[in-house]
Amino acid sequence: MTDKAKRQRIRKILYWGLPVLAILTVVLAWVLFSASHPELMPGPVAVWNRLLRTFTKPIGRINLLGHAWASLKRVLSALVFAWAFGISFGILIGWNRTARAIFGSIFEVIRPIPPIAWIPLIIMWFGIGETAKVLIVFIGTFVPLVINTSTGIRAVDEINIHVGQVFGGSRFQILTQIVIPTALPHIFAGIRTSVSSGWTTVLAAEMLGATAGLGSMVTKGWNGGDMALVLVAVITIAVVGFILSTLLSKLEKVVCPWNN
Amino acid sequence: MSESINQAPVKVAVRNLTKKFGDLLVLDNMTFDIHRNEFVCVVGPTGCGKTTFLNCLTRIHEPTEGDLYIDGVPADPRKHNISFVFQEPSAMPWLNVQDNIAYGLRIKRLPQAEIDRRVNQILDLMGLQDSRRKYPGELSVSAAQRVIIGRSFAMQPDLLLMDEPYGQMDVKMRFYLEDEVIRLWRELKSTVVFITHNIEEAVYLAQRVIILSNKPANIKETLTIDLPHPRSVSDPRFIEYRNYITDKIKWW
Ligand SMILES: Nc1ncnc2c1ncn2[C@@H]1O[C@H](COP(=O)(O)OP(=O)(O)OP(=O)(O)O)[C@@H](O)[C@H]1O
Ligand SMILES: [Mg+2]
């Protein structure tokens, strides 16, 4: 084996092995810590048993998957609206100078407000029902979409617009066939942020008051001193988040195949 | 050297064209004609305003004063069948090779069968059949440039504008594409305006060479190349033309 091939092999093993090693270290630390402080941190076995019990003795007559689905449903319904309005609005203020002049400044003011800061206001206006939760998630996901989309629209390479003009394209053709495709990777970045920010926001909203959802499980475990239940919820949150981001990466390869 | 009188109708009329960017005067009161089915090369020092001239003709920039007319009406890319090979890379990164070539044809809403036929023909012509599904980002500079040349040829334009199109090519590819642009011009009877730094290329291609002065650009001289195509670069008369133009644009 040549030196170069050997080095490449070592590197391959290293890049495959290091993440595994890191996870093992965390699990080991968890086991050790929970063994010495069981009252602060239940061990993996206790958490696993607690997880099984969410199916035999469902919380509020909803099992773990039901709670996960409740959270997911809120995020997805908010996302459908946020994608539709956020992307259109982003295109509008990115492309149209008048629209940017009117809405841009309002948006600059709203933009730095973290989505959970809206929670008290929304609860005051809309109560604590489904609408309020979906609305809070909508606000949290709408903002990154508008920012990313309008940035993407403005990042269009002038030369590509010139190509469209010289070939006789109308303004509408230039927008749909040149400007929006250019912005797609940015729009996708916005979608990615919107999903993760939506997922965080829904949990925060649920923790404040809900009978179903992973956020409500966290609160329930916390109030009842049931740390194992809190950990079950947290791990489920992480797993769902991971699945969502993996799906998005796959989708991005399909929608923006040139952007690798 | 002589300038013969062209009897063909005027394709492009440039009248008192002046272009300023702020206070920077780039094109200074230019007036000239390009005739139908003429092959014109434009040469001139770096930064003198060659690209600016084409940008005014395609309305990417508005002239500061004066105007340009195509077929007797003020130039407007929506009204004429123009295509433009830009100096900078201008392939659409999100379209693969075949969709890039079809781009202008789709804008003009040609029937799909005709689009397919032309795209195939161009892929053959440009040696891009094997890369038809690749994206411009995956191509070499020369192949990406062939995509945008192909995109222009596919339009079968009656006015073909080329801004240093072959600057990135190796010699062999350049010779091949020089002959191809001549063939296209002959077959379509189109009018070609071809900007180049390469004086030999200009003498090889052009019926008439427009020599521009330093910035602000004006016409220093127009020169009819009275040699039949295909031309030979070793022909003494070819060399004479080449040396003459080289002398004219010496600005140092
Ligand atoms: N959009 C613009 N804004 C301001 N100045 C410009 C613009 N476009 C061109 N210029 C200036 O106009 C002058 C002529 O530029 P132009 O690109 O037309 O030259 P060129 O003859 O095509 O040069 P080259 O041989 O390098 O291609 C340059 O000094 C350039 O800096
Ligand atoms: Mg130029």
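Protein sequences appear in the order of chains E and G. Under the working numbering, residues 7 to 266 are what the first sequence spells out, in order. Under the working numbering, residues 1372 to 1623 are what the second sequence spells out, in order. We put the CB at the ideal spot given by N, CA and C, even for glycine. These numbers come from a predicted model, not from an experiment.
- Here Val238 (chain E) is near Thr60 (chain E), since their CB atoms are less than 8 angstroms apart.
- Within chain G, the C-beta atoms nearer than 8 angstroms to that of Leu190 (chain E) come from Trp1465, in chain order.
- Using a C-beta cut-off of 8 angstroms, the region 76-84 of chain E makes contact with the region 141-157 of chain E, since at least three inter-stretch Cβ pairs fall below that distance.
- Listed along chain G are Thr1429, Arg1430, Ile1431, Pro1448, Arg1449, each with a C-beta nearer than 9 angstroms to that of Gln171 (chain E).
- With a cutoff of 8 angstroms on beta-carbon distance, Cys1412 (chain G) and Val1580 (chain G) are scored as near each other.
- The alpha helix (DSSP H) runs of length 4 or more contained entirely in the region 62-102 of chain E are, from start to end of the chain, 70-101.
- The beta carbons of Leu1481 (chain G) and Phe1524 (chain G) sit no closer together than 8 angstroms.
- The shortest C-alpha to C-alpha distance from Ile184 (chain E) to any of G:Ala1446, G:Leu1439, G:Glu1436, G:Met1463 is the one to G:Met1463.
- Chain order gives the chain E residues near Lys1479 (chain G) as Phe173, Gly174, where near means a beta carbon separation below 8 angstroms.
- Contact between Arg1407 (chain G) and Ala1379 (chain G) holds: their C-beta atoms lie close to 5 angstroms from each other, under 8 angstroms.
- As DSSP reads the structure, His1406 (chain G) sits in a beta bridge with G:Val1381.
- The C-beta of Ile1610 (chain G) comes no closer than 8 angstroms to any C-beta of chain E.
- The beta carbon of Trp101 (chain E) sits no closer than 8 angstroms to any beta carbon of chain G.
- Interface with chain G (8 angstroms Cβ-Cβ cutoff): Ile165 (chain E) is included.
- Its chain contains Pro48, Ala52, Val53, Asn55, Arg56, Gly227 as the residues whose beta carbon lies nearer than 8 angstroms to that of Ala234 (chain E), once the 5 sequence neighbours on both sides are disregarded; these appear in chain order.
- The three-state reading of DSSP puts Ala1462 (chain G) in coil, since its state is none of H, G, I, E or B.
- Distance from the CA of Val140 (chain E) to the CA of Gly231 (chain E), rounded to the nearest whole angstrom, comes to 29 angstroms.
- The alpha-carbon separation between Ala123 (chain E) and Phe194 (chain E) amounts to approximately 26 angstroms.
- Beta bridge pairing from DSSP links Arg1386 (chain G) with G:Asp1438.
- Check the Cα spacing between Thr157 (chain E) and each of E:Leu98, E:Phe248, E:Thr31, E:Trp36: the tightest is with E:Leu98.
- At least 8 angstroms separates the CB of Gln14 (chain E) from every CB of chain G.
- In this structure, Tyr1612 (chain G) places its C-beta atom within 8 angstroms of the C-beta atom of Val1574 (chain G).
- Under the 8 angstroms Cβ criterion, the region 254-264 of chain E does not count as touching the region 1412-1426 of chain G, having fewer than three qualifying pairs.
- Using beta-carbon distances, Gly1508 (chain G) counts as an interface residue toward chain E, with a partner under 8 angstroms.
- Within the same chain, and ignoring the five residues on either side of Glu1592 (chain G) in sequence, the residues whose Cβ sits closer than 7 angstroms to its Cβ are Ile1582, Lys1619.
- Using a Cβ-Cβ cut-off of 7 angstroms, Phe1424 (chain G) is close to nothing in chain E; its nearest Cβ partner there is about 14 angstroms away.
- Contact of Trp22 (chain E) with chain G by beta-carbon distance below 7 angstroms is absent, the smallest such distance being about 27 angstroms.
- Counted as a single uninterrupted DSSP element, the beta strand (DSSP E) harbouring Lys1591 (chain G) occupies residues 1590-1595.
- Counting the other Cβ atoms within 10 Å of the Cβ of Tyr21 (chain E) gives fewer than 16, which makes it exposed.
- In this structure, Thr207 (chain E) and Val143 (chain E) form a Cβ contact; the two beta carbons are roughly 5 angstroms apart against a cut-off of 8 angstroms.
- Within the same chain, Leu1494 come within 7 angstroms of Gln1500 (chain G) by CB-CB distance, once the 5 residues on both sides are set aside.
- Here DSSP, grouped into helix, strand and coil, assigns Cys1412 (chain G) to strand.
- An exposed status is given to Trp131 (chain E), since fewer than 16 other beta-carbon atoms sit within 10 Å of its beta-carbon.
- The Cβ atoms of Ser77 (chain E) and Leu220 (chain E) sit closer than 8 angstroms to each other.
- For ligand 2, a non-hydrogen atom lies closer than 7 angstroms to the CB of Gln1458 (chain G).
- Closer than 8 angstroms to the CB of Phe1455 (chain G) there is at least one CB belonging to chain E.
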